[in-house]
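> Handing you this structure, nothing more for now.
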Amino acid sequence: MRSSKFTIVAAAAACLLTVAATAITADSATEGVKRTSAPSWLSLFGVAIRPDNEIFVVGSKALLLTSTDQGKTWLQRTMPERPGGPLFQDRDLYSIRFDSSGKSGWVVGEEGIILHTADGGDTWSLQKSGTTKNLFKVAVIDDKNVVIAGADGTILRTADGGDTWQSIKSPKDVTWFDVTFTDPQHGWMVGEFSTILASTDGGQTWTVNYGGNTGDFTIGPFFTVTFTDPQHGVVAGLAGDTAVTSDGGKTWQKQKLPDPVASYVVAEDQASKALWAGGAGGRMFEQAAGGEWKPSDRATFHDLTDLAFAGKLGVAVGLNGTILLTDNAGEQWQAVQ
Amino acid sequence: MTSLRIGDFVVRNRAIVGAILLIISAFFGFECTKVVVQTKFDDFFPSYHHDVQLYQEWHKYGGAQTLAVMVQVKHGDIFNFDTLEKIQKIQRDVDKLPGVDHNEVLSLASYRVSYAEATPGSLTIKPFMFPEVPKDAAGIAALKKTVQANQSNISQLVSSDLTSAMVTASFNERGLDYKKLFYQVQDIVKQYQDDNNRIYIAGEPIVRGYGYYYESTVLTLFLVAVGVMIFILWITGSQRSRWWAPIVTGFLSAIWGLGFVGLMGYDFDPVMLVIPFILTARDMSHGIQWQGRLHDELDRLGDKLAACAATTDFMLPPGLLSILADISGIIFISFGGIPVLQHIALAGTVWLAGSLTMVFIFQPILMSYLPTPEIKHRKQRDGSDARSAVREFLDWFVHVPTRPGTLRKVLLWGSCGFLVYGVISGLDCKIGYSTAGTPLYKNNSKVNKDILAVGKKFPLEEGWIILTTPSYPDKQSVLGPDVLRMVDDMRAYLFEDPKVAQVVSFSSTVSEPFNEMFHYGFPKYLAVPDSVEMSGNLWFLYLNGSAPGELERFISNRSNNDTCIRVLLRDHNYDTLENIRERIKQFVDERVSPDPSLNKVHVDYLAGIAGLYLSANDVLKQLDFYNITFVLGVVWVFCLFSFRSFVAAFMFLFACVLANFGAFIYMNARDIGLTIDTIPVISLGIGLGVDYGIYMVARIRDEVMGGMDVDDAIVLALQSTGVAVFNTFLVMIGGIFPWIFSPLLFHNEMSTLLIFLMGTNMIAGCIILPCYLSWARPSFVFGGRGAMKEREKPSATAAAS
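One line per chain: the protein sequences are X and G, in this order.
For the first sequence, our numbering gives the first residue as 172, with consecutive numbering after it.
For the second sequence, our numbering gives the first residue as 318, with consecutive numbering after it.
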């Protein structure tokens, strides 16, 4: 009798546990859709790797993809970027960056969208940017100070974690494609007409460091900028155009990539100190520390838009749902199918 | 059955009645010359259906006359000189085809197919492979890279795996010579196909062209079917000197039917050939029955004219009943509004009315003028073992219904089970076509293999979503950013359905890529332009750079107040089409309707070929339900009046459902859905098949009312009427059996289904119904309850004594 009672209690407990487990699973399932690759009809524009190696990718139609297993599986979510049902969440998200702790992060996108997380990306909330211009790139200095580069001379800055965003006067009325900081004070921004801006006050003011001849339409833009240390930086643009500095921006030397194709992102693999450029037609180039640019084996034919590295893990994203992964610091890139 | 006493009138006035009938036949014969033999694609879809009307209203977004020539390499990819040169040569040859629209010949080698390249300070637009094919390896490698980099722009001309390339062309619809076009395209295939380069062709002109390709096969089948019918007629009736008379009546009723087709201006669709055959076979069957009875009456009366009159009187009521059942089986299919079914229904009704007139009125007149027919008695051969075994089997067989025991129980209970299974299958029956390719031809035909091969690389099934909006520069015109964004959202939403292969819209195909190119090719500008002015500028840029007519694929006029979104589907299965429609509806409900910035935008769907199939599916399910209900209702009413018994009416209803719902079991087993070709067959099957039961039960009742025991009457009916029924079954099967070998799927499915239905109807009429009559002994076979009680009295008295 006693044993049968025990059996009944155990069975009831098992049932309850099962129901609870199902409920938990169902709850987490409502947060997103599990996938093994990105939807090929959507564009991916930004990638960031948190310190715990969780990968975050943003893209068109308010897309957020996350992976906790180095890209083997992905959770697809739609960011709440405007009022209305899920089908109304359709703005493109262009860039995602976290602070060094990985707790605070920002996503910027089309028509002035700024989304912020304070819990490492679990929940996101809209912040008022005060603009409807496209915001192409975000640079996170720390959990309070953030700078954004955008279309038609848009430069935004916050010093309070995004509670208020301040519009910074742009020295040129051109579109800014990328922004980066080498330390909390020194920042770099690039845009149309091969213009390079520099800031020495944490992004409060910006001055033209290079280019800026807006009257000459034969001058192409720089899409991307990266600095490996305060002295060494590289910018890249159309038709294989690049320029490098080794004196903190005092002088820039023009260079060409091995192939005359546009590069939309240059990033440093901090583990190997190699530079990687990615761009039109899925072309990638690698420059070992102090070496020459060399073309890498092509793993996709779709444009690449962003690159991120963490240790030997590297992630490149691009149009048509392209995700390329490397787990050997770029020796081999594999497309996520 | 009551006799109508028409026979005397017909025979007395045979000259005038015969002359009138011949004059009418001559008139219809003249009208026959106007019959146009052709397949009209539009006739296969319900003209009143919203999707069909939408398709016709927006026909300017593309007719069905598109040719697709696919070059597929067996080894490697298309980027070798040989294959690229073939693509170029095919492009040039296609451009020379009769009726081709020179603005709409597209391939990798076309000067219209180009890509944009952003360079500092400029935007360069270059054709991929024009004017020349790159001759060296470096040039070919560069072309390959360019194609790969612009894959999304050229995905409709080069497959993503680079193994296949497409040459597409549109044709001016008026006066297009399909035969000439088809054979010229075949010449292109022959000229350029080799071991490594396989060439596949698809498109409506090719589908139509195959009709001419199979012309001789269909003609041969036609002649074989006629020959088989005549042969079976001869085999079953050659002991009678006028065995050929049914051919005359069959021929004349065919003239009535075809004459009506000509008179009404319908097209005679060769894919529907099986229907006229089954009608003619039915006509001959009635003729055989009539001839059999004439000889019986000749034996009884000894006078030709009296025998003709008596035969008419005896045969007209059941003949009228069965032909009315046949007509009811075909007339209701006209209710669906599908022109081809309406034409079949009306022409078939006239054809059957012609049968009634010819078999039961003209035939006695014809026979009255001919010498008295004789029976040529065949020599009785010595009974071999085989013959005696057959005789023993038949003797055993005719007693099956009257022998109580396991077999009869199995037959009765088995038929109940079969009926239930049939009804369940009917409810489960799939609608529409379940395979890709054209339903006109078999799955393994060359045309469908080609379509399948092309469809694997380049989706061909196209559904259109039409947006009507205010004109530009209104913010809600088709160039308005909110509208473009909504269209792009719809594209993404539809892509969640794995059956959607591609969504082509002005937004995703023109506006966004041009916005990107206008902004240095920077990928983050692959997005909706941020203002209506910018959108207008991009539209103008595209208009100036594109070939005449190219913009009209997306936006039909310069006011920019309508646009077509093309959804390319992987197949046209019922579920695929239903799901896509549901998905679009959901999108409109949740995304378009609640958005105030789109309150002047109207979204209409689904036109294009997918919409046409969808319209047919919508109608067919309803049509099938109403049609079967009406036909069964008519059968029930006819049998109620003829046999003056509810039991008889329900018994025939049971037999009809039993025999004809078996069709659904067969269809489900063979993965055949309810389609335009199967609906008329199921419907006709009920009308034609119920005749067997009517003839059998009428004969049994006649004999029982004449004083015979029920079981003896059943045995006699099986030995006499059963043989006649079997003969008519053979004639009908003979007429439709050859069509099983037709390359046309319509012929194939119709004939196999009809043969199946004729078989189940014969089993129901000749075995199951007699089993029931022997087991239940319903009062109507005795002529009513009173007559039954009268019959029971002597047997009760005998039993008591």
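Virtual Cβ for every residue (Gly too), placed ideally from N, Cα, C.
Small disclaimer: the values here were computed from a predicted structure and weren't measured.
In angstroms, rounded to a whole number, what distance separates the CA positions of LEU663(G) and PRO656(G)?
For this step, residue 663(G) is matched to residue 346 along the second sequence. For this step, residue 656(G) is matched to residue 339 along the second sequence. CA-CA distance, LEU663(G) to PRO656(G), rounds to 11 Å.
> Taking DSSP as the reference, what is the three-state secondary structure of ARG1016(G)?
Along the second sequence, one-based indexing puts residue 1016(G) at 699. DSSP places ARG1016(G) in the helix class (H, G or I) of the three-state scheme.
> Secondary structure at VAL1048(G), three-state DSSP: helix, strand or coil?
For this step, residue 1048(G) is matched to residue 731 along the second sequence. Helix, per DSSP.
> Mind listing, in chain order, the continuous beta strand (DSSP E) runs of no fewer than 3 residues lying wholly within the region 761-847 of chain G?
778-785, 817-821
> Look at THR397(X) and GLY391(X) and say whether their C-beta atoms are less than 8 Å apart.
Locating residue 397(X) in the first sequence gives position 226, where the first residue counts as 1. Locating residue 391(X) in the first sequence gives position 220, where the first residue counts as 1. Cβ distance not < 8 Å, so THR397(X) and GLY391(X) don't count as in contact.
> Is ARG515(G) helix, strand or coil when you go by DSSP?
Within the second sequence, residue 515(G) is the residue found at index 198, counting from 1. The answer is strand: DSSP assigns ARG515(G) an E or B state.
> With a threshold of 7 Å on Cβ separation, who are the neighbours of HIS603(G) within its own chain once the five nearest residues in sequence on each side are excluded?
Locating residue 603(G) in the second sequence gives position 286, where the first residue counts as 1. Same-chain partners within the cutoff: GLY636, SER672, VAL676.
> Contact criterion: CB-CB distance below 8 Å. Does ASP198(X) meet it with respect to chain G?
Indexing the first sequence from 1 puts residue 198(X) at position 27. Annotation note: pLDDT 36 at ASP198(X) (below 50); position unreliable, no value reported.
> Classify TRP245(X) as helix, strand or coil using the three-state DSSP reduction.
Within the first sequence, numbered from 1, the residue matching residue 245(X) stands at position 74. In this structure, TRP245(X) counts as strand in the three-state DSSP scheme.
> Hey, does ALA233(X) have any beta-carbon neighbour from chain G nearer than 8 Å?
Taking the first residue of the first sequence as 1, we reach residue 233(X) at position 62. By this cut-off, ALA233(X) is not an interface position.
> To the nearest angstrom, how far is the alpha carbon of ALA194(X) from that of GLY203(X)?
As a first step, residue 194(X) is located in the first sequence; it is residue number 23 there, counting from the start. As a first step, residue 203(X) is located in the first sequence; it is residue number 32 there, counting from the start. Note that ALA194(X) scores a pLDDT of 39, beneath 50, so its modelled location is shaky and nothing firm can be said.
> Do VAL318(X) and SER266(X) come within 8 Å of each other at the CB atom, strictly closer than that value?
Along the first sequence, one-based indexing puts residue 266(X) at 95. Along the first sequence, one-based indexing puts residue 318(X) at 147. No; because the gap between Cβ atoms is not below 8 Å, this pair is not in contact.
> Which residues of chain X have a Cβ atom closer than 8 Å to the Cβ of THR802(G), listed in chain order?
Within the second sequence, residue 802(G) is the residue found at index 485, counting from 1. The amino acid occupying residue 802(G) in the given sequence is Arg; Thr does not appear at that position. ASP261, listed in chain order.
> Quick one: what does DSSP say GLN370(G) is sitting in, helix, strand or coil?
The sequence position of residue 370(G) within the second sequence is 53, counting from 1. Of the three classes helix, strand and coil, the one that applies to GLN370(G) here is helix, per DSSP.
> Under 8 Å between the Cβ atoms of PHE396(G) and ILE457(G)?
The count along the second sequence starts at 1 and reaches residue 396(G) at position 79. The count along the second sequence starts at 1 and reaches residue 457(G) at position 140. Yes, they are a contact pair.
> Any chance you could list the alpha helix (DSSP H) runs of at least 4 consecutive residues sitting entirely within the region 393-453 of chain X, in chain order?
Complete alpha helix (DSSP H) runs here, min 4: none at all.
> Please name the residue, chosen from ALA451(X), ALA460(X), ASP314(X), PHE480(X), that lies closest to ASN499(X) on a Cα-to-Cα basis.
Here residue 499(X) is taken as the residue at index 328 of the first sequence, counted from 1. Just measuring C-alpha positions, the residue of ALA451(X), ALA460(X), ASP314(X), PHE480(X) sitting nearest ASN499(X) is PHE480(X).
> Rounding to the nearest angstrom, what Cα-Cα distance links ILE518(G) and GLN465(G) in this structure?
Along the second sequence, read from residue 1 onward, the residue named residue 518(G) stands at position 201. Along the second sequence, read from residue 1 onward, the residue named residue 465(G) stands at position 148. Each residue's alpha carbon lies about 24 Å from the other.
> Any C-beta of chain X sitting closer than 8 Å to the C-beta of LEU843(G)?
The sequence position of residue 843(G) within the second sequence is 526, counting from 1. Yes, its Cβ sits closer than 8 Å to a Cβ of chain X.
> Run through chain X and tell me which residues come within less than 7 Å of ALA466(G), C-beta to C-beta.
Locating residue 466(G) in the second sequence gives position 149, counting from the first residue. Chain-ordered, the chain X residues with CB closer than 7 Å to the CB of ALA466(G) read ALA451, GLY452, PHE472.
> Measure the Cβ-Cβ separation of MET803(G) and ARG898(G) and say whether it is below 8 Å.
On the second sequence, position 486 is the one that residue 803(G) refers to. On the second sequence, position 581 is the one that residue 898(G) refers to. No. Outside cutoff.
> Should TYR500(G) go down as buried or exposed, given a rule of 16 or more other Cβ atoms within 10 Å for buried?
In the second sequence, counting from the first residue as 1, residue 500(G) sits at position 183. Under this definition TYR500(G) is an exposed residue.
> Return the first residue and the last residue of the alpha helix (DSSP H) that SER723(G) is part of.
Numbered from its first residue, the second sequence carries residue 723(G) at position 406. The sequence shown places Thr at residue 723(G), rather than the Ser named in the question. Its alpha helix (DSSP H) spans residues 723-745.
> Report buried or exposed for ARG961(G), applying the criterion of at least 16 other Cβ atoms within 10 angstroms of its Cβ.
Translated into the one-based positions of the second sequence, residue 961(G) becomes position 644. If you draw a 10 Å sphere on the C-beta of ARG961(G), you find fewer than 16 other C-beta atoms in it, and that means exposed.
> In terms of alpha-carbon separation, which member of PHE227(X), ALA414(X), ASP387(X) lies closest to ASN380(X)?
One-based indexing of the first sequence puts residue 380(X) at position 209. Ranking PHE227(X), ALA414(X), ASP387(X) by Cα distance to ASN380(X) puts ALA414(X) first.
> Cβ atoms of GLY291(X) and ARG248(X): under 8 Å apart, would you say?
In the first sequence, residue 248(X) corresponds to position 77, counting from 1. In the first sequence, residue 291(X) corresponds to position 120, counting from 1. Not closer than 8 Å, so no.
> Which runs of the beta strand (DSSP E) fall wholly inside the region 899-961 of chain G and span at least 3 residues, in chain order?
919-924
> Let me see if you follow: with CB-CB separation under 8 Å, is SER214(X) close to chain G or not?
Within the first sequence, the letter at position 43 stands for residue 214(X). Yes, SER214(X) lies at the interface with chain G (some Cβ there is under 8 Å from its Cβ).
> Please classify GLN337(X) as buried or exposed, where buried requires at least 16 neighbouring CB atoms within 10 angstroms.
For the purposes of this step, residue 337(X) is identified with residue 166 of the first sequence, where counting begins at 1. When all chains shown are included, GLN337(X) counts as exposed.
> Which first and last residues belong to the alpha helix (DSSP H) in which PRO466(X) is found?
The residue you call residue 466(X) lines up with position 295 of the first sequence. First-last for PRO466(X): 464-466, but that is the beta strand (DSSP E), not the alpha helix (DSSP H).
> Have a look at GLN527(X) and ALA410(X) and give me their C-alpha separation to the nearest angstrom.
In the structure displayed, chain X extends from 172 to 508; residue 527(X) sits before or after that span and is not available.
> Nearest by alpha-carbon distance to THR378(X): which of SER296(X), MET360(X), PHE456(X) is it?
Taking the first residue of the first sequence as position 1, residue 378(X) is located at position 207. Comparing Cα-Cα distances from THR378(X) to each of SER296(X), MET360(X), PHE456(X), the minimum goes to MET360(X).
> Less than 8 Å separating the beta-carbons of VAL437(X) and ILE226(X)?
As a position in the first sequence, residue 437(X) is number 266, starting the count at 1. As a position in the first sequence, residue 226(X) is number 55, starting the count at 1. No, Cβ-Cβ distance for VAL437(X) and ILE226(X) is not below 8 Å.
> Hey, how far is the Cα of TRP1092(G) from the Cα of THR719(G)?
Position 775 of the second sequence, counted from the start, is the residue given in the question as residue 1092(G). Position 402 of the second sequence, counted from the start, is the residue given in the question as residue 719(G). Looking at the two C-alpha atoms, the distance is approximately 8 Å.
> Just to confirm, are LYS145(X) and LEU246(X) a CB contact at a threshold of 8 Å?
Because chain X in this structure spans residues 172 to 508, residue 145(X) falls outside the shown range and cannot be described.
> For GLN903(G), count neighbouring Cβ atoms within 10 angstroms of its own Cβ and tell me buried if that reaches 16, exposed if not.
Mapped onto the second sequence, residue 903(G) falls at position 586. Exposed, since its Cβ has fewer than 16 Cβ neighbours within 10 Å.
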